[in-house]
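Have a look at the structure below before the remarks.
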Amino acid sequence: MKLNVAVAQFSPAVLDLKGSVAKACKIIESAGKQKVRVLAFPETWIPVYPLWSDMGSYSQWGNEAAMKLYRRLHDNSIALDSPELRRIGAACRKAKLHLVLGVNERSGKSIYNALLFFNDKGELIGHHRKLVPTFGERLVWGYGDASGLRTYDTPFGRLGGLICWEHWMPIPRHLLHTEGEIVHVAAWPHGKEMHQIASRHYAFEGRCFVLAAAMYVEKEMFPRSYEFASELKDLPEVLIAGGSSIIGPDGSYIVEPVLGGEGLIVAEIETERAVEESLTLDVGGHYSRPDLFDVSVRRPHRAVV
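Here my numbering is used: the first residue of the sequence shown is 30, the next is one more, and so on.
Next up, the structure:
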């Protein structure tokens, strides 16, 4: 089957939930007009990746700016049962496309790094929270679980996704590979070299197409009243330069990394290639040894109490 896939390399409306949702819907509409059937957004695109988590001053105990930033991010994160979520679903239905969207998810007083999966009917069919926030991210996000660590059936084959450094976690990769993934979304904040290596490795190992999604953010996009303003002065004009790419099931680029601006990155793929490349390697099938190795996962979501 031939179909158009795309990566949305755009900035969100930084720290603005309603503005980010409105922009997402416009991007979805544009993708639909280009006959895109799978659209991928970067990690925590709504309402922005919290890049201040990498700055030492914000890790200090009792830092007032860090607490205010957390509240601002929390207030502009998306909730699963919300009008904003339904608006995105309606846009997917109208555009007749499948969407994988990276968000900051608000749940109670906590925030999680999540991927949301919508089908072309506008239904939320999947929800995965990042298993382990990386390094400074632990100051912002809670830990996810394996309840959403799976792929989803679509007319073009199994669709899945992982978030950022989950691509260096062998067991989560293996779990998705064993489900016969055809299209995979690798959600990143930016597409630097090691992220490209991980995305290409995933495509080669899983014999699947990979949409490696990265965002584009300039410091002028941050609100003037933002608590991060003083640190922004010393940073380059472009904070996150993109670097999105589309990769084939042999690990080679279909679209090489795109740097330096916003845009919808579109490519036509032929899903049969994923099967053809599996002649030599299928880690969820003929290139596996279940008689020697046992892999298990605890999938059910566990409530705090």
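Beta carbons: idealized from backbone N, C-alpha and C, even for Gly.
The structure presented is a predicted model; accordingly, all values stated were derived computationally and were not measured.
Secondary structure of residue i, DSSP reduced to three states
i	result
LEU293	strand
PHE146	strand
ALA35	strand
TYR181	strand
LEU168	helix
SER86	helix
GLY272	strand
ARG4	Past the boundaries of the shown model lies residue 4; the chain is included only from 30 to 334, so the question cannot be answered.
LEU188	strand
VAL43	coil
Buried or exposed (CB count within 10 angstroms, at least 16 for buried), residue i
i	result
ALA258	exposed
PRO218	buried
TYR231	buried
SER82	buried
PRO201	buried
GLY290	exposed
THR309	exposed
LYS262	exposed
LYS62	exposed
ARG229	buried
Residue interval of the alpha helix (DSSP H) (run including residue i)
i	result
ARG358	Residue coverage of the chain in this structure runs from 30 to 334, which leaves residue 358 outside it and unanswerable.
LEU109	Taken as a continuous stretch (DSSP letters only), LEU109 belongs to no alpha helix (DSSP H), as it is neither H nor E.
GLU306	301-306
ALA69	Not the alpha helix (DSSP H): ALA69 falls in the beta strand (DSSP E), residues 65-69.
LEU204	199-206
LEU261	258-261
Residue i, enclosing beta strand (DSSP E) - first and last residue
i	result
TYR245	245-247
PRO286	282-288
ARG158	153-158
ILE75	First-last for ILE75: undefined, no H or E at that position.
GLU134	127-136
HIS315	Premise fails: HIS315 is in no beta strand (DSSP E) and is neither H nor E.
GLU210	210-216
LEU240	238-242
Pairwise C-alpha distance: residue j and residue i
i	j	result
ASP174	HIS157	8 Å
ASN142	LYS64	29 Å
ARG328	LEU240	25 Å
ILE140	LEU44	14 Å
GLY165	ILE298	37 Å
HIS315	ARG236	13 Å
TRP194	LEU80	15 Å
PHE70	ARG318	35 Å
GLY277	ALA95	41 Å
ALA242	SER274	7 Å
Whole-number beta carbon distance between residue j and residue i, since they are thought to touch under 8 Å
i	j	result
LEU145	LEU68	Not a contact, Cβ separation roughly 12 Å.
GLY190	HIS206	13 Å between Cβ atoms; not a contact.
ASN33	VAL287	The pair is not a contact, with the Cβ atoms about 16 Å apart (cut-off 8 Å).
CB contact below 8 Å: residue i versus chain D
i	result
GLY85	This model lacks chain D altogether; it includes just one protein chain.
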